[in-house]
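*Asks:* To start, I am sharing the structure in question, which I have written as structure tokens.
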Amino acid sequence: MDKSNKERPLALITNDDSIEAPGLHVLARLVAEWADVVCVAPKYPQSGKSSALTFMNPLRVQEMTPSDPVEGVRYYTVNDGTPVDCVKVGLYMLGDRRPDFIFSGINHGSNAGVNVIYSGTMGAALEGAVEGIPSAGFSLLHHSLAADFSLSEHYVRTLLEQIRKNPPEPGTCLNINIPSRIVPAGVRACRACKGRWSDGYERYTDPHGRDFLMLSGRFINEEPEATDTDEYWLGRGYITVVPVACDMTAAARVASLAGVFDMDGAGD
46 MDKSNKERPL ALITNDDSIE APGLHVLARL VAEWADVVCV APKYPQSGKS SALTFMNPLR
106 VQEMTPSDPV EGVRYYTVND GTPVDCVKVG LYMLGDRRPD FIFSGINHGS NAGVNVIYSG
166 TMGAALEGAV EGIPSAGFSL LHHSLAADFS LSEHYVRTLL EQIRKNPPEP GTCLNINIPS
226 RIVPAGVRAC RACKGRWSDG YERYTDPHGR DFLMLSGRFI NEEPEATDTD EYWLGRGYIT
286 VVPVACDMTA AARVASLAGV FDMDGAGD
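For the sequence shown, our numbering assigns the number 46 to the initial residue and increments by one for each residue that follows.
As structure tokens, this is what we get:
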């Protein structure tokens with residue numbers, strides 16, 4: 046890859062919606078205002094892949110020009126690669142020049158609450174945090190590829206500048222969710238809502254008479270009265286910023302578990 050201008054920061058950008066997704070190019074354009082940008086993204090949508098890696102199949106990387114490229118940005122696609130594959134491939138291909146930032150998104154759809162553990166968008170951001178690189182994932186609460194990103198563009202630009210000046214602590218990344226169809230009322234740093242998906246399935250029959258299932262379900266907010274969560278503030282038209290840690294240890298539980306599980310060898 047081109048070493049580019051070393052006086053400017055270098056940002057690696059990926060997503061889980063594919064190299065052609067409009068949200069990727071909105072994010073690339075905003076970051077390119079102050080950084081050199083390399084996009085390494087899946088060739089096909091990879092939503093719901095979390096932090097999955099490809100082990101048994103070859104990854105083929107191709108430099109390409111998407112249908113709506115940002116001037117000065119270099120684009121690479123990974124054939125069947127996951128978002129985390131794209132981060133790792135990007136780091137490998139950049140060689141001696143390590144990115145100063147890794148950004149993922151802008152995702153088409155929410156990654157608030159428990160969605161963070163399923164999200165390929167946030168899997169990529171967490172991989173950046175594992176590598177010790179300041180990282181953030183951006184998501185718009187609108188699944189359509191025709192979603193209007195312009196309503197929140199001012200805020201995204203401002204958030205990127207704040208991340209540039211005040212990067213997340215090592216081992217953490219930011220999960221940023223943006224309300225759709227409105228100009229956001231503002232930004233709030235908060236925690237993720239406690240909730241779960243009631244994972245139902247819809248049953249269908251194919252033309253050959255064989256049954257198959259498609260995931261459906263609905264999100265259940267288990268703390269609807271809480272006023273300090275991402276779901277609360279998103280519901281009031283605010284962009285939410287949630288710090289996410291790579292270390293998933295429930296630290297407060299270690300001491301109580303020690304009393305149950307700690308033991309020494311019996312010896313002779």
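No residue lacks a Cβ here, since even glycine has one placed at the ideal position from N, Cα and C.
Using CA atoms only, rank isn't needed, just tell me which of V118, Y163, E276, E78 is closest to E198.
*Replies:* Here residue 198 corresponds to residue number 153 of the sequence shown, with the count starting at 1. Distances from the CA of E198 to each of V118, Y163, E276, E78 were compared; the closest alpha carbon is that of E78.
*Asks:* In angstroms with no decimal places, state the Cα-to-Cα distance between D193 and S225.
*Replies:* Here residue 193 refers to the residue found at position 148 when the sequence shown is read from its first residue. Here residue 225 refers to the residue found at position 180 when the sequence shown is read from its first residue. Separation of D193 and S225 (C-alpha to C-alpha, rounded to the nearest whole angstrom) is 8 angstroms.
*Asks:* Do G280 and A33 count as a contact pair if the criterion is CB distance below 8 angstroms?
*Replies:* With the chain covering only 46 through 313, there is no way to say anything about residue 33.
*Asks:* Can you tell me whether T166 is buried or exposed? The criterion is at least 16 other CB atoms within 10 Å of its CB, across all chains shown.
*Replies:* Taking the sequence shown and counting its residues from 1, the one referred to as residue 166 is at position 121. Answer is buried; the Cβ neighbour count reaches 16.
*Asks:* Is it the case that the Cβ atoms of T82 and A56 are separated by a distance below 8 angstroms?
*Replies:* On the sequence shown, residue 82 is found 37 positions in, with the first residue counted as 1. On the sequence shown, residue 56 is found 11 positions in, with the first residue counted as 1. Reading off the sequence shown, one finds Val at residue 82, where the question assumed Thr. Their beta carbons are under 8 angstroms apart, which means V82 touches A56 by this criterion.
*Asks:* Taking the C-alpha atoms as reference points, what is the distance between T217 and F183?
*Replies:* Stepping through the sequence shown from its first residue, residue 217 is reached at position 172. Stepping through the sequence shown from its first residue, residue 183 is reached at position 138. C-alpha separation (whole angstroms): 15 angstroms.
*Asks:* Could you tell me which residues DSSP puts in a beta bridge with P288?
*Replies:* On the sequence shown, residue 288 is found 243 positions in, with the first residue counted as 1. Paired residues: L219.
*Asks:* According to DSSP, which residues form a beta bridge with H153?
*Replies:* To locate residue 153, count along the sequence shown from 1; it is residue 108. Bridge partners of H153: L185.
*Asks:* Run through DSSP, which three-state label would P87 get?
*Replies:* Here residue 87 corresponds to residue number 42 of the sequence shown, with the count starting at 1. P87: strand per DSSP, three-state reduction.
*Asks:* Spatial neighbours of I265 within its chain, please: C-beta separation below 6 angstroms, excluding the five flanking residues on both sides.
*Replies:* To locate residue 265, count along the sequence shown from 1; it is residue 220. The residues are G240, R241, S243.
*Asks:* Distance, Cα to Cα, L185 vs I151?
*Replies:* For the purposes of this step, residue 185 is taken as the residue at position 140 of the sequence shown. For the purposes of this step, residue 151 is taken as the residue at position 106 of the sequence shown. Each residue's alpha carbon lies about 7 angstroms from the other.
*Asks:* With distance defined between alpha-carbon atoms, name the residue in E247, F148, A234 nearest to W278.
*Replies:* Here residue 278 is taken as the residue at index 233 of the sequence shown, counted from 1. Among E247, F148, A234, the Cα nearest to that of W278 is on A234.
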